[in-house]
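**Student:** Protein chains in written order, with our numbering: chain A, 805 to 973; chain B, 920 to 1342; chain C, -12 to 539.
I have a structure here, written as structure tokens, and I will follow up with some questions on it.
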Amino acid sequence: MAVEFPPEVKREFDELVAKYEQTRAALLPVLHLAQREFGYISPEVEEYVAGLMELPPTKVHEVVTFYTLYHKTQPGKHVIRLCKTLSCHLLGAHTIKDHLCRKIGLENGHGTTPDGRFTLELVECLGACEFAPMMQVDERYYGPLTPEKIDEIIDGLTDEPVVENVDEG
Amino acid sequence: MSIKITTKNLNIPNYNRLSVYREHGGYEALKKALSMEPAAVTDEVKRSNLVGLGGAGFPAGVKWGFIPKDTPKAKYLVVNGDEGEPGTFKDRYLLEFAPHQLIEGMIICSYAVGIHKAYIYIRGEYIRQIKIVRRAVEEAQEAGLLGENILGSGFNLDIVVHQGAGAYICGEETGLIESLEGKKGFPRIKPPFFPAAIGLFGCPTVINNVETLSQVPHVIANGAEWFASIGTEKNGGTRVFAVSGHVRKPGICELPMGVPLRELIYEHCGGMRDDRPVKAVIPGGSSSPVLTADHLDTKMDFVGLRDAGSMGGSGAVVVMDDTTCMVDVCANIARFYAHESCGQCTPCREGTGWVSKILDRILAGNARPEDVDNAVRVAKNMMGRTICLLADGAAMPILSYLTKFRNEFDYHVEHKCCDVKGG
Amino acid sequence: MPTLTIDGIEVTVPDKTNLIEAAKMVGAEIPHYCYHPGLSVAGNCRMCLVEIEKAPKLAIGCFTPCQEGMVVHTSTEKVLQARKDVLEFLLINHPLDCPVCDQAGECWLQIYYMKHGQYESRMMEDKIKKHKKATAIGPTVTLDQERCILCARCVRFCDEISKTSELGIFNRGNHAELDVFPGKELNNKYSGNVVDICPVGALTDRDFRFQCRVWYLDTQDSICPGCSRGCNIQVHYNLDRPHHAEGRRVLRLKPRFNPEVNKYWICDEGRYGYKFIDDESRILMPQVMRNGGMEFVSWDEALKASAEKIKASIPEELGVLASPQLTNEELYLIRKLFVEELGATQVEFRVPPKEEGYSDDYLVKADKNPNTKGAEEIGLAVGSAEEILKAAAEKKLSALVIFVHNLVNSGLDDSLVKAALEGVETLIFIGSNFSDTSEKANVILPSATYAEKSGTFANSEGRVQRIHEAVPPLGESLPEWQILNELARALGLDWDYQGTEHIFAELAKDVPAFANLTYEILGDQGQTLGYVPPAEEEALVEHGELEAVRAT
Ligand SMILES: Cc1cc2nc3c(=O)[nH]c(=O)nc-3n(C[C@H](O)[C@H](O)[C@H](O)COP(=O)(O)O)c2cc1C
Ligand code: SF4
Ligand code: SF4
Ligand code: SF4
Ligand code: FES
Chain A
805 MAVEFPPEVK
815 REFDELVAKY
825 EQTRAALLPV
835 LHLAQREFGY
845 ISPEVEEYVA
855 GLMELPPTKV
865 HEVVTFYTLY
875 HKTQPGKHVI
885 RLCKTLSCHL
895 LGAHTIKDHL
905 CRKIGLENGH
915 GTTPDGRFTL
925 ELVECLGACE
935 FAPMMQVDER
945 YYGPLTPEKI
955 DEIIDGLTDE
965 PVVENVDEG
Chain B
920 MSIKITTKNL
930 NIPNYNRLSV
940 YREHGGYEAL
950 KKALSMEPAA
960 VTDEVKRSNL
970 VGLGGAGFPA
980 GVKWGFIPKD
990 TPKAKYLVVN
1000 GDEGEPGTFK
1010 DRYLLEFAPH
1020 QLIEGMIICS
1030 YAVGIHKAYI
1040 YIRGEYIRQI
1050 KIVRRAVEEA
1060 QEAGLLGENI
1070 LGSGFNLDIV
1080 VHQGAGAYIC
1090 GEETGLIESL
1100 EGKKGFPRIK
1110 PPFFPAAIGL
1120 FGCPTVINNV
1130 ETLSQVPHVI
1140 ANGAEWFASI
1150 GTEKNGGTRV
1160 FAVSGHVRKP
1170 GICELPMGVP
1180 LRELIYEHCG
1190 GMRDDRPVKA
1200 VIPGGSSSPV
1210 LTADHLDTKM
1220 DFVGLRDAGS
1230 MGGSGAVVVM
1240 DDTTCMVDVC
1250 ANIARFYAHE
1260 SCGQCTPCRE
1270 GTGWVSKILD
1280 RILAGNARPE
1290 DVDNAVRVAK
1300 NMMGRTICLL
1310 ADGAAMPILS
1320 YLTKFRNEFD
1330 YHVEHKCCDV
1340 KGG
Chain C
-12 MPTLTIDGIE
-2 VTVPDKTNLI
8 EAAKMVGAEI
18 PHYCYHPGLS
28 VAGNCRMCLV
38 EIEKAPKLAI
48 GCFTPCQEGM
58 VVHTSTEKVL
68 QARKDVLEFL
78 LINHPLDCPV
88 CDQAGECWLQ
98 IYYMKHGQYE
108 SRMMEDKIKK
118 HKKATAIGPT
128 VTLDQERCIL
138 CARCVRFCDE
148 ISKTSELGIF
158 NRGNHAELDV
168 FPGKELNNKY
178 SGNVVDICPV
188 GALTDRDFRF
198 QCRVWYLDTQ
208 DSICPGCSRG
218 CNIQVHYNLD
228 RPHHAEGRRV
238 LRLKPRFNPE
248 VNKYWICDEG
258 RYGYKFIDDE
268 SRILMPQVMR
278 NGGMEFVSWD
288 EALKASAEKI
298 KASIPEELGV
308 LASPQLTNEE
318 LYLIRKLFVE
328 ELGATQVEFR
338 VPPKEEGYSD
348 DYLVKADKNP
358 NTKGAEEIGL
368 AVGSAEEILK
378 AAAEKKLSAL
388 VIFVHNLVNS
398 GLDDSLVKAA
408 LEGVETLIFI
418 GSNFSDTSEK
428 ANVILPSATY
438 AEKSGTFANS
448 EGRVQRIHEA
458 VPPLGESLPE
468 WQILNELARA
478 LGLDWDYQGT
488 EHIFAELAKD
498 VPAFANLTYE
508 ILGDQGQTLG
518 YVPPAEEEAL
528 VEHGELEAVR
538 AT
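Structure (structure tokens):
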């Protein structure tokens, strides 16, 4: 069985579960943890989590498929969420999208690039409309976007995901 | 009058750290509250006319008062930081730059109601904010502001920061509770599942928006009368408007309840981009019916907006100028609700998808003659018949575009194109 | 006990009754999909909207509890319009293929549409495609996702009743779809029930699919003979279309509501256990051993042959193995004929099973017989099957009458069974299907199955329940009670039982546990052994003797 938390992650799992009155309540955070660990939530991961939390696998699958932040397949190295909702739309999200797709080499407008570097998701409002048009790359928000800004952001990415480090000051 | 309360100190460097927060008077209100009778705290909040700023504008103190005093069950406080209503981003600021203000408000609320466990549910994309709030909770814990015997008062409270996973419906309070219990965010049927009676884990639960609770320390520190004196007769204090769209200076903007829409746009948000005229304004998030340029004098509190045929909602103001195609806007909004309907209720699950399909067809110039009327009918049929208000929140704005800008829809149907763009 | 007014009729209902149930009491039907009285309430279909005076919005009947003084209207214009609209929403993504849908005729989408829908079609929308179209999702059930209206009844069933949670609704909004976990099956002891409760043609029974259009089916109330729970069932059959379903007459069993026994459910074992009724192994004619081989004979000849053999045996040489598969009426006649009239002492009905039957803490009982309790009360547990067989093996019996049992496949010692069946001079087998035991018989009397006769069974809790003839006995087979009646006459007794009610009346007089019971009292839900009529009960309560009577 490849799908198993290593001991230190298992400890994290135990700590998470201990915070809640009911084990099941920790399901969303545990799935975030599993996604961090395994990259995405496959049916095998769902079964593993279900086993850990003593839930029917269907209940885990229901949750995984209900929420948009869980990847059901292996995403690219960077996950880009481009907002398409009203404020971003009003300020040209569609042109930004076209540029972004060209930049990362994505042909059909969403999904994962052939080189496996990027996954683009067109998402609903991310709660940063003052930066419209905006996007999220991994953990961080970027906006207002222009074609130049997009080039700059994409060119600045390494192979590591973008992390929000709150202790930078 | 430019009174800022919850956003007053947001620009202070490191205000999200405990030491800085305390330097600026942080947690003094808590001390004061802990010296009061719990009931007196609730009473103070009631008299302040502080209303819920998450969407419904329900008086916060009254809500706290619904929690049964003598119950063998645990009681919970749940903070709604799901902030999913399109256009809304104010809670993001309050979480990121003033997490201790929220925590202080939470402790005061918990003390008033007799709660010992609280959850902050933050939308899953707000990773930066989640990290900051987690750090703040840890700081508070270490400083004896959370945990057992808070500030020697004998009162205990634990806070857990909970990361959502991407679903607008989890902003709806009972959907949020289900989600927090590890399920799909299916809203519950009310009655009987009023959170105050049967909430988280089946226990009495207070659920308030981030901003609502962030106001609480100030209400306690400065008194109900002070707070009530700001704002309007029924809606005390200020609210943080999140303004976006075609204004020069989009962003958050805290103003007294009831500020006229015109003032908000022209005095506080730099007026309109390229000085174009206002064509339409969404005054309280995408679920609120659209206002036209005729409504610029509307008072931006829950009462004024209701009287104008719209609603206060989440305080998200989306301003659109005369280059905006209303068919495009309406179709965009409809797509959002179709994507976000949880899918339990027939009228919402099928209605949001159907109306969106019709509107997309109109927008694309593939409409049939009866499509506009059909969209109106479908939207109407969704209303008042579902478990939660998402269906109404979708139907009302859609109907508002279809009626207030009917000519644009008819033009699209007839000419298979738009007469607005490039105008 | 609130009193409220529904459609102008005042009604007092038990606390917590919802409006759908209350409306039923005044003869009003509130249409609904997601509500099922045996499951928790989901309130999602929105079909059951009704108008309550002074309420701002229409309310759902399934979740609204009756309250004192409530004034409810179930068919105002507003309500009718709401229903119509909900139906329209349900149909917008529903395939318009009733003609090829197996549910047609018992589909609530179709039924309500006829009654409440009926608008000019605005259905000219492309339907959302879903990926499972007529796909088997387990051994018993086929799923068609496009027909699913997402009422979640089946999900709740698997969560709350079978407690196996194989089903879920995945994705959200109008992409939501019902399914099993990827790569898993819907496979539990009660899985067939999801087909019954699915209001549309999304879940259909693999066993029944396309066997027969439901409008050709007739139904008869009965009791499942699969175990001692005695679940109430309906036998669905068709007598006019022998060219369908390989000529089978009984086409499916459905649970019948009985709050005291099985509520709304039956197990799969029982549901699919009907095949023997029309099976090729049915015995269609009496047979008698002649010149070293079995020959088909007339009933007269067979009965005569049987009577001769029985007469020739002295009571001590006569063995009888009755069966807990038989009705009380039949068991009573066995006692009367063999024990009382012929004085047989080697009489028993219990044959241990090869292995302990499956049981659970819900419906299914380990005892796979429907009438063990009745047989016990009637007094047919006299010796033991083993002793009788030993006597046979030791050639101490001259005739052995076996009802129904297949001893060869039982828990009895194989060599003992073999020795016994071969050792006894006359082996009379009375049963409905051939088996390794009937093989060994020198007289075979074909009997009817439970679906072909009337009578009563007493379940493990002593509830006596009626079965009814759904289809006529196959071939020349006859109900055992009739065979016994004829056999008694062939033995020179002047029996003349005209029907099972007649026998039951006598049984009720004779066997104390059955006292006071009549077919009328049994009704369609049965009544327990030791029944005390209400009037007498009152008197007994007054004298504080009820418990004592009950205990006997
Ligand atoms: C569809 C829907 C979405 C909602 N989303 C949010 C949200 O994102 N954040 C929020 O605070 N309230 C939201 N609400 C309102 C909540 O249900 C609830 O009224 C609020 O959290 C109560 O807090 P308050 O009284 O402090 O405003 C939403 C309501 C509906 C019907
Ligand atoms: S109205 Fe829509 S979002 Fe709300 S519960 Fe019903 S289906 Fe879900
Ligand atoms: S399959 Fe049938 S019972 Fe299950 S949710 Fe769909 S319609 Fe309801
Ligand atoms: S539980 Fe027993 S009686 Fe009920 S259906 Fe199953 S086999 Fe038949
Ligand atoms: S039966 Fe009431 S909502 Fe479905």
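The beta carbon of each residue, even a glycine, is placed where N, CA and C say it ideally should be.
Taking 8 Å as the cut-off, is the CB of C:R33 close to at least one heavy atom of ligand 5?
**Tutor:** Here residue 33 of chain C refers to the residue found at position 46 of the third sequence. Checking every heavy atom of ligand 5 against the Cβ of C:R33, one is found closer than 8 Å.
**Student:** Let me know if C:A299 comes out buried or exposed under the rule of 16 or more other beta-carbons within 10 Å of its beta-carbon.
**Tutor:** In the third sequence, counting from the first residue as 1, residue 299 of chain C sits at position 312. Looking at its Cβ environment, which holds fewer than 16 other Cβ atoms inside 10 Å, C:A299 is exposed.
**Student:** Between which two residues does the beta strand (DSSP E) carrying A:A897 extend?
**Tutor:** On the first sequence, residue 897 of chain A is found 93 positions in, with the first residue counted as 1. Not the beta strand (DSSP E): A:A897 falls in the alpha helix (DSSP H), residues 897 to 908.
**Student:** Please name the residue in C:I389, C:N446, C:S402, C:S447 whose C-alpha comes closest to that of C:N420.
**Tutor:** On the third sequence, position 433 is the one that residue 420 of chain C refers to. Measuring from the Cα of C:N420, the nearest candidate turns out to be C:I389.
**Student:** When we look at the beta-carbon of B:H1019 and count the other beta-carbons within 10 Å, is it buried (16 or more) or exposed?
**Tutor:** Mapped onto the second sequence, residue 1019 of chain B falls at position 100. Burial call: buried.
**Student:** Please check if any C-beta of chain A sits within less than 9 Å of the C-beta of C:T151.
**Tutor:** As a first step, residue 151 of chain C is located in the third sequence; it is residue number 164 there, counting from the start. Yes, C:T151 counts as interfacial toward chain A.
**Student:** Quick check on B:C1307 - is its C-beta less than 9 Å from some C-beta in chain C?
**Tutor:** Walking along the second sequence from the start, residue 1307 of chain B turns up at place 388. Closer than 9 Å: no.
**Student:** Does DSSP put B:V1236 in a helix, a strand or coil?
**Tutor:** The residue you call residue 1236 of chain B lines up with position 317 of the second sequence. It is a strand residue.
**Student:** Have a look at B:E1057 and C:F244 and give me their C-alpha separation to the nearest angstrom.
**Tutor:** Along the second sequence, one-based indexing puts residue 1057 of chain B at 138. Along the third sequence, one-based indexing puts residue 244 of chain C at 257. Each residue's alpha carbon lies about 57 Å from the other.
**Student:** Name, please, each residue of chain A whose Cβ falls closer than 8 Å to the Cβ of C:R159.
**Tutor:** Counting from 1 along the third sequence, the entry for residue 159 of chain C is found at position 172. Here the neighbours are T869, F870.
**Student:** Could you give the distance in angstroms between the alpha-carbon of C:T539 and the alpha-carbon of C:G517?
**Tutor:** Against the third sequence, residue 539 of chain C aligns to sequence position 552. Against the third sequence, residue 517 of chain C aligns to sequence position 530. Below a pLDDT of 50, predicted positions are generally treated as unreliable, and C:T539, at 49, falls in that range; the measurement from the model is reported next regardless. Cα to Cα, C:T539 sits roughly 8 Å from C:G517.
**Student:** Is it the case that the CB of C:Y20 approaches a heavy atom of ligand 3 more closely than 8 Å?
**Tutor:** Here residue 20 of chain C refers to the residue found at position 33 when the third sequence is read from its first residue. Within the cutoff, so yes.
**Student:** If you count every other CB in all the chains shown that lies within 10 Å of the CB of A:V967, and 16 or more means buried, which is it?
**Tutor:** What you label residue 967 of chain A is simply residue 163 of the first sequence in a count that begins at 1. Exposed.
**Student:** Considering only C-alpha positions, which residue in the set C:V128, C:I124, C:Y177, C:T129 is nearest to C:C145?
**Tutor:** By one-based count along the third sequence, residue 145 of chain C stands at place 158. Among C:V128, C:I124, C:Y177, C:T129, the Cα nearest to that of C:C145 is on C:Y177.
**Student:** For C:A123, does the three-state DSSP call read helix, strand or coil?
**Tutor:** In the third sequence, residue 123 of chain C corresponds to position 136, counting from 1. Three-state result, C:A123: strand.
**Student:** Would you mind telling me which residues of chain A sit closer than 8 Å to C:G170, beta carbon to beta carbon, in chain order?
**Tutor:** Stepping through the third sequence from its first residue, residue 170 of chain C is reached at position 183. Simply P847.
**Student:** With a CB to CB cut of under 6 Å and the five nearest residues on each side skipped, what residues in its chain are close to B:G1066?
**Tutor:** As a first step, residue 1066 of chain B is located in the second sequence; it is residue number 147 there, counting from the start. Cβ neighbours of B:G1066 beyond the five flanking positions: Q1060.
**Student:** Over the uninterrupted beta strand (DSSP E) stretch that includes C:V59, give me the two end residues.
**Tutor:** The residue labelled residue 59 of chain C in the question sits at position 72 within the third sequence. Run containing C:V59: 58 to 60, per the beta strand (DSSP E) assignment.
**Student:** By the DSSP assignment, the beta strand (DSSP E) with C:E38 in it spans what residues?
**Tutor:** Here residue 38 of chain C is taken as the residue at index 51 of the third sequence, counted from 1. Counting along the chain, the beta strand (DSSP E) containing C:E38 begins and ends at 36 to 39.
**Student:** Using a cut-off of 8 Å between C-beta atoms, extract the partners of B:E1100 located in chain A.
**Tutor:** Translated into the one-based positions of the second sequence, residue 1100 of chain B becomes position 181. Within chain A, the residues near B:E1100 are Q826, R828, A829.
**Student:** In the DSSP assignment, find the unbroken beta strand (DSSP E) run with B:C912 in it and report its ends.
**Tutor:** Because chain B here runs from 920 to 1342, residue 912 of chain B falls outside it and cannot be looked at.
**Student:** Taking 8 Å as the cut-off, does the CB of C:N249 come closer than this to any heavy atom belonging to ligand 4?
**Tutor:** Sequence index remark: in the third sequence, residue 249 of chain C carries index 262 (1-based). Result yes, Cβ under 8 Å from ligand 4.
**Student:** Does the segment 184 to 204 of chain C touch the segment 90 to 99 of chain C, meaning 3 or more C-beta pairs lie closer than 8 Å?
**Tutor:** Verdict: yes, contact present.
**Student:** Compile a chain-ordered list of the residues in the segment 1071 to 1098 of chain B whose CB is closer than 9 Å to at least one CB of chain C.
**Tutor:** Hits within the stretch, in order: A1086, I1088.
**Student:** Quick check: is the beta carbon of C:G155 nearer than 9 Å to any beta carbon in chain A?
**Tutor:** If you number the third sequence from 1, residue 155 of chain C lands on position 168. Yes, C:G155 counts as interfacial toward chain A.
**Student:** So that I know if they touch, is there some Cβ in chain B lying closer than 9 Å to that of C:K44?
**Tutor:** Locating residue 44 of chain C in the third sequence gives position 57, where the first residue counts as 1. Taking Cβ atoms only, chain B reaches closer than 9 Å to C:K44, which makes this a yes.
**Student:** To the nearest angstrom, report how far apart B:A979 and B:D1311 are at their CA atoms.
**Tutor:** Stepping through the second sequence from its first residue, residue 979 of chain B is reached at position 60. Stepping through the second sequence from its first residue, residue 1311 of chain B is reached at position 392. When rounded, the distance between both Cα atoms is 23 Å.
**Student:** Check the DSSP bridge columns for B:S999 and list the partner residues they point to.
**Tutor:** One-based indexing of the second sequence puts residue 999 of chain B at position 80. For clarity, residue 999 of chain B is Asn in the given sequence; the question names Ser instead. Paired residue(s): B:Y1040, B:N1128.
**Student:** Identify the contact partners of B:V1304 in chain C, using a Cβ-Cβ distance below 8 Å as the criterion.
**Tutor:** Residue mapping note: residue 1304 of chain B aligns to position 385 of the second sequence, counting from 1. Checking the sequence shown, residue 1304 of chain B turns out to be Arg, not Val. Chain C residues near B:R1304: R33, L36, K44, L45, A69, D72, V73.
**Student:** Along chain C, which residues have their Cβ under 7 Å away from the Cβ of A:V866?
**Tutor:** Looking up residue 866 of chain A in the first sequence gives position 62. It should be pointed out that residue 866 of chain A corresponds to Glu in this sequence rather than to Val. Per Cβ cutoff of 7 Å: G155, I156, F157.
**Student:** Quick one: does the C-beta of B:C1336 sit closer than 8 Å to a heavy atom of ligand 1?
**Tutor:** Taking the first residue of the second sequence as position 1, residue 1336 of chain B is located at position 417. No, Cβ of B:C1336 sits at least 8 Å from all heavy atoms of ligand 1.
**Student:** Would you grab the beta carbon distance between C:T61 and C:A10 for me? Rounded to a whole angstrom, and I think it's under 8 Å.
**Tutor:** If you number the third sequence from 1, residue 61 of chain C lands on position 74. If you number the third sequence from 1, residue 10 of chain C lands on position 23. Right, their Cβ atoms sit about 6 Å apart.
**Student:** Any heavy atom of ligand 2 closer than 8 Å to the beta-carbon of B:F1255?
**Tutor:** The residue labelled residue 1255 of chain B in the question sits at position 336 within the second sequence. Not so, every heavy atom of ligand 2 lies at least 8 Å from the Cβ.
**Student:** Answer yes or no: the CB of C:I98 versus the heavy atoms of ligand 1, is any distance below 8 Å?
**Tutor:** Indexing the third sequence from 1 puts residue 98 of chain C at position 111. No, ligand 1 has no heavy atom inside 8 Å of this Cβ.
**Student:** Using a Cβ cut-off of 9 Å (strictly closer), state whether B:G976 contacts chain C.
**Tutor:** Locating residue 976 of chain B in the second sequence gives position 57, counting from the first residue. Taking Cβ atoms only, chain C never reaches closer than 9 Å to B:G976, which makes this a no.
**Student:** Shorter than 8 Å, the distance from the beta carbon of C:I39 to the closest heavy atom of ligand 5, or not?
**Tutor:** In the third sequence, residue 39 of chain C corresponds to position 52, counting from 1. C:I39 Cβ: outside cutoff for every heavy atom of ligand 5.
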